[in-house]
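Single-structure report; data block below.
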Amino acid sequence: MIDHWIQNFPAPQKEAITAALESASLAKMRGAMRLLEELDPQLRGPSLKIEILGTCNLEPILPALSFALSCVPARPQLQLAPLDSIEAHIAQSPAESQEPPDARVVIWRVEEVLPEVLFPFSHGFPEEIFARIEQTIERVDRVVSLHQRRMRGVPLFLSTIALPLHFSNPVFAAQHSAGVCAAVARINQKIYEVATGSGFVYVLDLARWAAAEGSPQADPMLDFLARQPFSAKGQVAFGLFLARSLRPLIVARRKVLAIDLDETLWGGVVGEDGIENLKLGHDFPGNVHLRLQRELLELRNRGILLVLLSKNNEADARQAFESLPDMLLKWDDFAVRKIDWNHKHENLREAAAELGLGLDSFVFLDDSDYEREQIRQLIPEVLILNDSGDPLQM
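If you're matching positions, the sequence shown starts at 74 in the working numbering and goes up one per residue.
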């Protein structure tokens, strides 16, 4: 899950981190943290000060978040604001001697910000519910405005609101615009819109994360007992999710994706199977390679440079590009093409020189275990994107 984060750590630290993640054990996390603290400060990464505000009790996730951020790698300093004091805390003027955080995170739940929508017929359904939804949408604007006035320039991460795992009459809740499903969707839409129109607001998509994780991430007993919604497993998963969202603050985006051809952009080997037998299209397994090409084309259109690295005859490869009817990527979509029988690590270095970019700007995608290991050993700065030659995993 985070192998590429920790690829430069020594073996004992890697093993301790892996064991902690597999067990979701806080004790093993503490042991891994002690090993990480022994590392040279350069390996441990920069200091990262994060302020966290929430409507529920987030104190139990701090050890898991600190562990996850240490794997980024970073040296986290976490500050948790008093429970359910978002506006009051933001409105306080920071002391002149106090350094601002590197980021502020706001996490809210429908159970606290809009509890009426969970029991609508007890709270003036539908008119009063509509009014409360609008008040909550206005609250989003208020939080953003306060933050901008008090800490201009500090990134603000706003969580989306997840649907509760359990609430009464879930069938009805999806049928009315004053139901909890529509209410949460409207508030989340507001958060997306604020982020779109701002240069300092970022979305922490808690709703998507919670839907993907499902019930194992929650602990209803802890929620009733201490307003702490996460199970032990959920604390670890949420810590990793939050660390992944904050990672771009300190880790520069990679600029180049170097890609293989055979068994990657298409199924089969062009020099052995012939162009007519390559698998690329709308039926399995060709549709897997077609989907991969869609992803790559989207990356290119976002500004990521594509580089082609293939051990092939260039004439065969070019003919495949021109002849395959479902080929989405075109020959000229690649900023550099290295199609020959040289070592891929040599060709990748040449591509970096031609583009005038460092090797730490590159990501490598290849179905061959041998080629991935060669790059891993000989150019450790390059990020290996896949751990398997299975196109589905790519």
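Even glycine gets a Cβ: it sits at the ideal position worked out from N, Cα and C.
Check	Outcome
By Cβ distance below 7 Å, which residues in the same chain neighbour Asn261 in space, the five residues on each side in sequence not counted?	Thr233, Ile234 and Ala280
Assuming the contact rule is C-beta atoms closer than 8 Å, His362 and Leu378 should be a hit. Round their C-beta distance to whole Å, please.	So it is not a contact: roughly 21 Å between Cβ atoms.
Does DSSP classify Gly344 as helix, strand or coil?	helix
With a CB to CB cut of under 6 Å and the five nearest residues on each side skipped, what residues in its chain are close to Gly127?	Ile180
Mind checking Ala147: buried by the 16 CB within 10 Å criterion, or exposed?	buried
Do you know how far the Cα of Phe311 is from the Cα of His220?	24 Å
Nearest CA to the CA of Arg215: which residue from Ile264, Pro119, Val436 and Gly347?	Ile264
Pull up the DSSP beta-bridge partners for Ser383, would you.	Ile412
Apart from the five residues just before and just after Ser318, which ones in its own chain have a Cβ nearer than 6 Å to its Cβ?	Leu277
Could you check if Val244 is buried or exposed, using at least 16 other CB atoms within 10 Å of its CB as the buried criterion?	exposed
Could you pull out every unbroken alpha helix (DSSP H) segment of at least 4 residues lying fully inside the stretch 115-170, listed in chain order?	135-143 and 159-164
Trp339 bridges to which residues according to DSSP?	Asp335
Note the first and the last residue of the continuous beta strand (DSSP E) segment covering Ser29.	In the structure as shown, the chain starts at 74 and stops at 467, and residue 29 therefore has no counterpart that could be examined.
Mapping the DSSP letters down to three states, classify Val216 as helix, strand or coil.	helix
Quick one: what's Ile457 bridged to in DSSP?	Phe437
Are three or more beta carbon pairs between the stretch 425-442 and the stretch 341-351 nearer than 8 Å?	no
Among Cys129, Pro85, Ala84 and Met102, whose alpha-carbon lies nearest the alpha-carbon of Arg300?	Cys129
Ends of the beta strand (DSSP E) at Leu298?	First-last for Leu298: Pro293 to Ala299, but that is the alpha helix (DSSP H), not the beta strand (DSSP E).
Helix, strand or coil for Ile79, going by three-state DSSP, please let me know.	coil
When the Cα atoms are used, what is the spatial distance from Asp335 to Ala255?	46 Å
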